[in-house]
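In terms of the UniProt record's numbering, the sequence shown opens at residue 1 and continues consecutively.
For every residue, glycine included, the Cβ atom is placed at its ideal position computed from N, Cα and C.
Here's the structure we're looking at; comments come further down.
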Amino acid sequence: MSETVQDKVDFLVIANRLPVDRKIDDDGNVSWKSSPGGLVTALEPVMQRKGGAWIGWHGAPDEVVEPFHHDGYDIHPVPLSAQEVEEYYEGFSNATLWPLYHDCIVEPVFHREWWDAFQKVNKRFAEQAARQASEGATVWVQDYQLNLVPKYLRQMRPDLRIGFFLHIPFPPIELYSRLPWREELVEGLLGADLVGFQTPGAAANFQRLAKRRPGVTAARGRAHTPDGRTVVIRDFPISIDSRGFHELATSEKVKAEAIKLREDLGNPGTIIFGVDRLDYTKGLRQRIRAVGELFKEGKLDPHEVVFLQLATPSRERVEEYKILRDDINLLVGQINSKVGTIANRALVYRNESVPREVLAAMYQVADLMLVTPVRDGMNLVAKEYIACRSNDDSALVLSEFAGAARELKQAYMVNPYDIDGMKATIMKALTDSPKLKARKMRAMRRQVFDKTIDVWADSFLTELEGH
Ligand code: ADQ
């Protein structure tokens, strides 16, 4: 396969971010390393097979980076100015669409100048794809930041096969209707041949909206547009590289890491674990409050039980995220000042991101996993935990508002808004018989190992290419 960047390719992925991170060594040499993520793992082999390209932002503002070849496929960095990062990314994507699509848990912010930037940047991504795609190529657009790309790209290149996948929920019409630019965004997605969602409910919400567009008819997962096209609307629940996670978790290195971790935590009898991006959709406030109360009421003994919560800093320049960070710090401090001792903290909270091996070790030592989002498209953490566990004596507490709840039906389900209910379910998950827990874990493991990330990518692309 050629090592130089190709003029045109048959397969393109467009995502807000590139699948690579820049590394600069001590001598100032620059190299790009694949970022360890499920999407990259799933799509790399497809792109290598088809000779593809990835279009996305490289993560630094006000800088033009030339295209380059990486690990068998091409990378085309799209430049963004600092103002565009503020308005298109932090603004419209993460302070307008993100909260709106997550049931308005926090108030979405509407600014006309953010909308202008959103359109401009989406057009830039579409133009880049239009330049790189060969006749009849397949283009796969990822996520809400690029909501308008299918329509723009269709206008520029009607010959292309265009797929779009939304990684986050799609809200009901009553909430969506607040959006001043709702028509344009629905039209944006209708530019695709295939629009994929995490759950059937999200697909149904979009279908209802599509039907309202003048001249559009939509039923049973198909919308017919006035220009004579058929848009398929369907759910494709995303998953993880289950075998990869399992192999990592059972490697000697991770086993050693797990022993060390357990020691660092004071060799407690039970470890409760949570790991999330520090985001208000993840239900951290509710989860920490519930576990804190169980400690305060003496139902959990801080000499026996440790709650380890990891939260990766995220979107730190968006106001709601700063408020959340401060709230959580306060809550953790309040709990630890009342329960446990200096040597024995009940709640170990780390506001950082950890390498994959460390995360796998944490899943390995966690007797109970808490995944309690107030709304989540899928939630990969729940699936990663199942894939990493070789020990059946463990339990997953899962919010019914995560897309994953549709598949991991044997989890201990909770409504995160119901703190008492969540406390009771946590106690049940800790005290149920090992036999019952083992049965639940086995059923969930079958699910996670059957429906892996490559099954997800293949089924989406098979549907798109058969269009
Ligand atoms: P996210 O909202 O980012 O994804 P999630 O699906 O849980 O949520 O994925 C987070 C990923 O980050 C996981 O792979 C997890 O292991 C990793 N991670 C989190 N905290 C970490 C830490 N402290 N250190 C290291 N790694 C950490 C969006 C949607 C989800 C959807 C995914 C994929 O919001 O609903 O499941 O996309 O479609």
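Problem set entry | Any 3 or more C-beta pairs closer than 8 angstroms across the segment 38-56 and the segment 239-246 | yes
Exercise. Would you call the CB atoms of ALA438 and TYR412 closer than 8 angstroms?
Worked result: no
For this session: Within its chain, find whatever has a CB closer than 6 angstroms to the CB of PHE118; leave out the 5 residues flanking it on each side and keep chain order.
Result: TYR88, PHE92
Problem set entry | Outcome for GLN128 when other beta-carbon atoms lying within 10 angstroms are tallied against a minimum of 16 | buried
Exercise. DSSP state of ASN16, grouped into three classes?
Worked result: strand
Exercise. Does DSSP put PRO68 in a helix, in a strand, or in coil?
Worked result: Just to set this straight, residue 68 is Phe in the shown sequence, not Pro. Three-state DSSP puts PHE68 in a strand.
For this session: Starting from GLN410, follow the alpha helix (DSSP H) in both directions and report where the run begins and ends.
Result: Looking at the DSSP string, GLN410 is not in any alpha helix (DSSP H), and its letter there is neither H nor E.
For this session: Label MET444 either buried or exposed according to how many other C-beta atoms from any shown protein chain fall within 10 Å of its C-beta, with 16 as the threshold for buried.
Result: buried
Exercise. Would you say ILE233 and GLY221 are within 8 angstroms of each other, going by their C-beta atoms?
Worked result: yes
For this session: Report buried or exposed for MET427, applying the criterion of at least 16 other Cβ atoms within 10 angstroms of its Cβ.
Result: exposed
For this session: Identify every residue that forms a DSSP beta bridge with LEU368.
Result: ILE272, ALA395
Exercise. Residue ranges of each beta strand (DSSP E) run of no fewer than 3 residues wholly in the segment 213-301, ordered along the chain?
Worked result: 217-219, 222-224, 230-235, 270-277
Exercise. Does the separation of the CB atoms of VAL306 and LEU265 fall below 8 angstroms?
Worked result: yes
Exercise. So the alpha helix (DSSP H) VAL332 belongs to, where does it begin and stop?
Worked result: 319-338
Exercise. Where does LEU347 sit, in a helix, a strand or coil, going by DSSP?
Worked result: strand
Exercise. Can you tell me whether HIS303 is buried or exposed, with buried defined as 16 or more other CB within 10 angstroms of its CB?
Worked result: exposed
Exercise. Under the rule that 16 or more other beta-carbon atoms within 10 Å means buried, what is ASN391, buried or exposed?
Worked result: exposed
Exercise. If you draw a straight line from the C-alpha of TRP98 to the C-alpha of ALA402, how long is it?
Worked result: 15 angstroms
Exercise. According to the neighbour-count rule (16 or more other Cβ atoms, all chains shown, within 10 Å of its Cβ), is ASP279 buried or exposed?
Worked result: buried
Problem set entry | VAL381 versus ASP393: straight-line alpha-carbon distance, rounded | 18 angstroms
Exercise. Sorted by chain position, which residues of the same chain lie with C-beta nearer than 8 angstroms to ASP326's C-beta, five sequence neighbours on each side aside?
Worked result: none
Exercise. Quick one, are the C-beta atoms of PRO108 and VAL85 less than 8 angstroms apart?
Worked result: no
For this session: Could you say which of LEU308, MET441, THR270 lies nearest to ARG287 if we only look at CA atoms?
Result: LEU308
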